[in-house]
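Here the structure is laid out as structure tokens; the discussion comes afterwards.
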Amino acid sequence: MPRFGALEAGGTKMVCAVGDEQGHILERISLPTRTPENTMPEMLAFFQDKDLAAIGIGCFGPVDLDPSSPTYGSILSTPKLSWRNFPIVQRFEDALGIPVGIDTDVNAAALGEAVWGCTRDVRNSVYITVGTGVGLGVIIGGKPHHGMIHPEAGHIFMDRRPDDPLEQGVCPYHGNCLEGLASGPAIERRWGRKAQDLTDCNAVWELEAYYIGQAICDYIMMISPEKIVLGGGVMHQQQMLPLVRKEVHRQLHGYLQGKGLDDLDHYIVPISLGDNQGVMGAVKLAMDAYDRQAGK
Ligand code: ADP
Ligand code: ZN
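What the sequence shown shows, in this note's numbering, is residues -9 to 286, in sequence order.
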């Protein structure tokens, strides 16, 4: 049975894994993200000699996903300067001589859940991660949605709640976008403590749910997903999901009803693959790259 390489490329760590066609993760290591000069050889050392059919990468971004672009498979304007314009797909292809698939980190996570996890029963879903940043992966007709580049729906503009003690959100580009108001660093700036140390403060999570709920209403209106998955460090707070569902119900204001919206407990759901949705999605990206090369 063919084996596939999977890389979850993040700003702080690189998770390298080997998986099979059933999405089983057979091996997995985590390396700190340093510069490409340091980290590429370490990743290649892991993937070499593993007899892989292809590799898939779920990559921090933005990343060029247009196959007809001269910079396809390159990381674009990341604040991690040493990785800016880095042709990550090309480097893996050159070094390993096997097909390489790529998508955003959050599209890969959405894909992992869509193929093997909690959204495998639907064709259209979104995956929201709330962590250091906020990101949205969009699956339409079973496939990650790209468009011009790919959605950057963590940066949609928000109505700031008038009593929010944070006057200006933390996004350096937009201030009060979703990421600016609801990311882990936004919580920390607003309340002066790390999000994980604020579990008992109800006001923190009610305000957080207000913003996440607002964004979800926008996503429902624009994309009409059949299911919504919530992941990322901030969602480790168990009290968040019920609060978010309550906010979505309140902010939709009865405008949309029926279908999944009558049962928000099964419409807005937590991740189901533990810590593996990203690498499992990357395995699927590798399988697709392999099939493309084989002309399937
Ligand atoms: P990253 O986004 O960097 O890949 P995470 O999804 O873990 O990683 O996000 C990190 C952010 O999530 C930090 O801002 C941190 O404060 C917050 N975070 C991590 N764990 C928790 C937790 N248990 N409860 C609330 N916030 C958390
Ligand atoms: Zn922003």
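We treat Cβ as the ideally placed atom computed from N, Cα and C, and that holds for glycine.
Local Cβ density within 10 Å of residue i, reported as buried at 16 or more and exposed below that
i, result
"Leu71", "exposed"
"Pro14", "As written in the sequence, residue 14 is His, which differs from the Pro given in the question. Classification for His14: exposed."
"Gln296", "The structure shown does not extend to residue 296, since the chain is modelled only from -9 through 286, so no value can be given for it."
"Gly137", "exposed"
"Ser59", "exposed"
"Gln12", "exposed"
"Asp93", "buried"
"Asp111", "exposed"
"Gln247", "exposed"
"His256", "exposed"
"Ile206", "buried"
"Gly51", "buried"
Three-way DSSP call (helix, strand, coil) for residue i in this model
i, result
"Gly48", "strand"
"Phe(-6)", "strand"
"Pro215", "coil"
"Ala284", "coil"
"Glu83", "helix"
"Met4", "strand"
"Val224", "helix"
"Ile146", "coil"
"Ile139", "coil"
"Cys207", "helix"
Distance, residue j Cα to residue i Cα
i, j, result
"Pro260", "Gly221", "6 Å"
"Asp41", "Val79", "18 Å"
"Cys167", "Asp10", "39 Å"
"Glu17", "Asn266", "12 Å"
"Val219", "Gly(-5)", "25 Å"
"Gly244", "Val128", "25 Å"
"Gly46", "Ala279", "8 Å"
"Tyr62", "Met30", "18 Å"
"Asp302", "Gly285", "Residue 302 lies beyond the range of the chain shown here (-9 to 286); nothing can be said about it."
"Gln229", "Ala199", "10 Å"
"Ala35", "Pro77", "18 Å"
"Asn114", "Tyr163", "30 Å"
"Gln283", "Val90", "10 Å"
Cβ of residue i within 8 Å of any chain D Cβ
i, result
"Gly46", "Absent from the structure: chain D. Only one protein chain is present."
Residue i Cβ short of 7 Å to the ligand ATP heavy atom set
i, result
"Val53", "The ligand ATP is absent from the structure shown, which contains only the ligand ADP and the ligand ZN."
Which residues count as close to the ligand ZN when the rule is a CB under 6 Å from any of its heavy atoms, in chain order? His145, Cys161, Tyr163, His164, Cys167, Glu169, Gly170
Quick one: which unbroken alpha helix (DSSP H) runs of 4-plus residues sit fully inside the region 230 to 278? Chain order, please. 230 to 242, 254 to 257
Entirely enclosed beta strand (DSSP E) segments - the region 89 to 137, minimum 3 residues: 90 to 94, 115 to 120, 124 to 130
Contiguous beta strand (DSSP E) assignments of at least 3 residues, all confined to the region 17 to 79: 42 to 49
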